[in-house]
Amino acid sequence: MRKAFIILLLFILGIGCSTRSNDRKYIYMQPDIRVTNAYDIRLVNENDSVLYSNMQIEVKMPYNTYTVSAPKLWPSNAAYASHKEGRMIPMEKITNIKVIPLFDYNANYPKGKDISDSCAFIEGKSSNSKKNIISRFNTGSDDYYYTANILSSMNIVIKTSPAGKQTQQFAFVIETSNQSSYSDTTVVFTLKP
Amino acid sequence: MNCKAIALYTACALVMVFNASAQKSNSGSNHIYINAAVDYHINNWDVNNTDPEDGYGPGDGPIQDGLLRVKNNAGARLGVQYLRISKNRMLFSAGFDFKVVPQSVQLIYKASENGYAGSTYEYNKNYSFNNFAIDFKGNVGYSINIVPHKGKLDIGMGFIFDIPLNGEDNSGGEVVYANTGSSKQDLIMVEQVGWGSRKYQGNTENNFPLNFLGNVQIAYRFAPGTIFNDRGFKIGVDFSSILLGNYNNNIYINAYTANRANRFTQSFKDEMTSVSFVLGIEL
Chain A
505 MRKAFIILLL FILGIGCSTR SNDRKYIYMQ PDIRVTNAYD IRLVNENDSV
555 LYSNMQIEVK MPYNTYTVSA PKLWPSNAAY ASHKEGRMIP MEKITNIKVI
605 PLFDYNANYP KGKDISDSCA FIEGKSSNSK KNIISRFNTG SDDYYYTANI
655 LSSMNIVIKT SPAGKQTQQF AFVIETSNQS SYSDTTVVFT LKP
Chain B
383 MNCKAIALYT ACALVMVFNA SAQKSNSGSN HIYINAAVDY HINNWDVNNT
433 DPEDGYGPGD GPIQDGLLRV KNNAGARLGV QYLRISKNRM LFSAGFDFKV
483 VPQSVQLIYK ASENGYAGST YEYNKNYSFN NFAIDFKGNV GYSINIVPHK
533 GKLDIGMGFI FDIPLNGEDN SGGEVVYANT GSSKQDLIMV EQVGWGSRKY
583 QGNTENNFPL NFLGNVQIAY RFAPGTIFND RGFKIGVDFS SILLGNYNNN
633 IYINAYTANR ANRFTQSFKD EMTSVSFVLG IEL
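Here the protein sequences line up with chains A and B, keeping their order. Using the working numbering, the letters of the first sequence correspond one by one to residues 505 to 697. Using the working numbering, the letters of the second sequence correspond one by one to residues 383 to 665.
This is the structure we're talking about:
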């Protein structure tokens with residue numbers, strides 16, 4: 505009886521010490537950005553024009569995933585009920601994002617100066633500050649299968665007005681803690697105040 | 383290591399071997415051999431580009447030097463084999479081997495050949511691992527009487543259940559950054575490595591590390607009294623290669639070019655192809 509009890513106890517301990525299921529790591533790839541006209545949900549093509557009030561910068565952030573091997577400690581860990589959920593974990597930390605006008609925007613933002621502090625970053629229906637959206641890039645998911653928790657697209661709205669009608673083009677730059685950076689640029693278009 | 387399964391297999395094989403040694407059959411002969419072998423592992427076909435550069439179909443892209451280079455390696459094994467020759471010269475054999483398989487793969491990366499024109503950056507790395515495994519073998523064939531009462535040629539075909547006993551992985555992948563010439567670090571590749579009982583990605587808890595190999599054996603058996611006074615001796619050649627299973631050695635490289643655009647994928651997948659030189663002495 506005592507032996508049976510000890511065996512049962514070991515089995516329960518095995519479940520209690522269950523390993524986590526496979527995790528997945530993700531890393532962002534080259535972003536794809538384009539200017540859209542929010543008025544009629546239209547893509548702004550090369551040399552098209554758009555009113556400032558209708559302009560949005562659409563950002564798509566593709567990512568690659570890599571599955572992490574899970575360790576196995578006890579035979580009872582194989583029991584499905586004993587599994588902990590796998591997670592989605594970022595492979596690198598994004599430390600900064602920049603939105604850079606490649607032509608003079610207004611007096612405060614000449615060409616080449618980062619304008620991201622004056623932007624709203626819209627994910628779904630929620631508007632985020634720059635700090636919050638960087639945090640979202642670095643937040644994985646507690647659900648292995650539910651990749652919708654990973655930030656994969658957003659819209660950028662610039663909250664400060666341009667100086668006047670202008671030829672414009674934006675670059676979107678992402679910087680990581682590994683001193684790596686990657687970027688994409690929009691087409692050249694005409695921005696009307 | 384899957385101790386329960388290994389113990390079960392070992393027990394079955396030992397029962398078979400000792401049962402055979404106890405048999406005195408009138409309709410054939412039973413033999414037990416202790417085998418030792420040197421394995422020559424052939425890796426020439428184990429590296430490939432699975433995804434060519436964007437815009438090119440397989441085979442029509444620019445010739446790439448390739449990132450991964452493999453070498454053939456020599457390993458060794460030691461085992462026990464039960465061999466039964468029936469009255470009509472059919473042979474049946476079963477047994478198991480413990481084997482050591484050293485493997486090494488070299489990575490040679492030149493930024494100038496991977497999308498960073500003018501860069502002199504190079505990244506070299508050597509991946510190596512000593513695999514320990516147990517092989518459970520079964521074989522069927524025919525024994526040809528070459529020299530009556532002195533020598534027989536055995537030709538057999540069969541299978542091997544290969545169970546890796548050790549393994550290693552790099553936790554789903556390592557990210558490699560490099561200064562390819564600009565002031566910043568570029569993501570140049572993600573390396574995924576899985577040796578032996580570990581996959582390069584995603585060991586699931588219920589998977590049992592097992593590979594299924596095909597095997598051909600050709601051996602010449604010397605009868606007792608020809609080489610050794612009181613026991614038989616054999617010399618042979620084995621050929622084996624993987625048929626099923628995904629616990630072979632894998633290295634998977636995703637290479638990226640400037641701005642993290644996908645460049646190509648190159649992989650090393652050990653097909654476990656080997657030629658062995660076998661010596662056996664009869665118990």
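Even for Gly, the Cβ is constructed at its ideal location relative to N, Cα and C.
The beta carbon of residue 651 of chain B sits closer than 7 Å to those of 428, 630 and 632, all from its chain and outside the five residues before and after it, given in chain order. Considering only beta carbons, no part of the region 634-661 of chain A lies closer than 8 Å to chain B. About 4 Å separates the Cβ atoms of residue 555 of chain B and residue 570 of chain A, confirming a contact at the 8 Å cut-off. In this structure, the beta-carbon distance from residue 534 of chain B to residue 527 of chain B falls below 8 Å. Between residue 665 of chain B and residue 531 of chain B, the alpha-carbon positions lie close to 18 Å from each other. Distances from the alpha-carbon of residue 557 of chain A to those of A:654, A:572, A:686 and A:541 put A:541 closest. Considered as a whole, the region 454-481 of chain B harbours 455-468 as its complete beta strand (DSSP E) runs of no fewer than 3 residues, in chain order. Residue contact check for residue 526 of chain A against chain B: a CB pair falls below 8 Å. Listed by position along chain A, the residues whose Cβ is nearer than 8 Å to that of residue 641 of chain B are 534, 686, 687 and 688.
Residue 596 of chain A is not a Cβ neighbour of residue 653 of chain A, given a cutoff of 8 Å. Under the DSSP assignment, residue 610 of chain B falls outside any beta strand (DSSP E); it carries neither an H nor an E label. Contact between residue 542 of chain B and residue 622 of chain B holds: their C-beta atoms lie close to 6 Å from each other, under 8 Å. Residue contact with chain A for residue 572 of chain B: present (Cβ-Cβ distance below 8 Å to some residue of chain A). Residues of the region 529-563 of chain B whose Cβ lies closer than 7 Å to any Cβ of chain A, in chain order: 551, 553, 554, 555, 557 and 559. When B:475, B:463, B:414 and B:454 are compared, the shortest CA-CA separation from residue 539 of chain B is found for B:475. Under the DSSP assignment, residue 639 of chain A falls in the alpha helix (DSSP H) whose first and last residues are 634-641. Below the 7 Å Cβ cutoff, chain B contributes 557 as neighbours of residue 595 of chain A, in chain order. Here residue 493 of chain B carries a helix assignment [DSSP, helix/strand/coil]. Within chain A, the C-beta atoms nearer than 7 Å to that of residue 566 of chain B come from 683, 684 and 685, in chain order.
Chain order gives the chain B residues near residue 529 of chain A as 554 and 555, where near means a beta carbon separation below 7 Å.
Residue 538 of chain A carries a strand assignment under DSSP once its states are collapsed to helix, strand and coil.
Residues of the same chain with a CB within less than 7 Å of the CB of residue 461 of chain B, apart from the 5 flanking positions on each side, are 417, 477, 478, 479 and 480 in chain order. Closest in alpha carbon position to residue 640 of chain B, among B:601, B:597 and B:499, is B:499. Using a Cβ-Cβ cut-off of 8 Å, residue 410 of chain B does not count as an interface residue toward chain A, since no Cβ of chain A sits closer than that to its own. When the alpha-carbon of residue 536 of chain B is set against those of B:608, B:415 and B:600, the nearest one is in B:600.
Listed along chain A are 570, 571, 572 and 573, each with a C-beta nearer than 8 Å to that of residue 583 of chain B. Under the criterion of beta carbons closer than 8 Å, residue 486 of chain B and residue 507 of chain B do not qualify as touching, at roughly 11 Å. Judged by DSSP secondary structure, residue 592 of chain A falls within the beta strand (DSSP E) whose first and last residues are 592-594.
Using a Cβ-Cβ cut-off of 8 Å, residue 465 of chain B does not count as an interface residue toward chain A, since no Cβ of chain A sits closer than that to its own. At a beta-carbon threshold of 8 Å, the residues of chain A lying near residue 636 of chain B are 568, ordered along the chain.
For residue 631 of chain A, the secondary structure class from DSSP, reduced to helix, strand or coil, is strand.
In the structure shown, residue 419 of chain B falls within a strand segment according to DSSP collapsed to helix, strand and coil. Contact check for residue 693 of chain A against residue 551 of chain A passes: the beta carbons are separated by less than 8 Å. Residues of the same chain with a CB within less than 7 Å of the CB of residue 603 of chain B, apart from the 5 flanking positions on each side, are 533, 534, 536, 614 and 616 in chain order.
For residue 630 of chain B, the three-state secondary structure derived from DSSP is coil.
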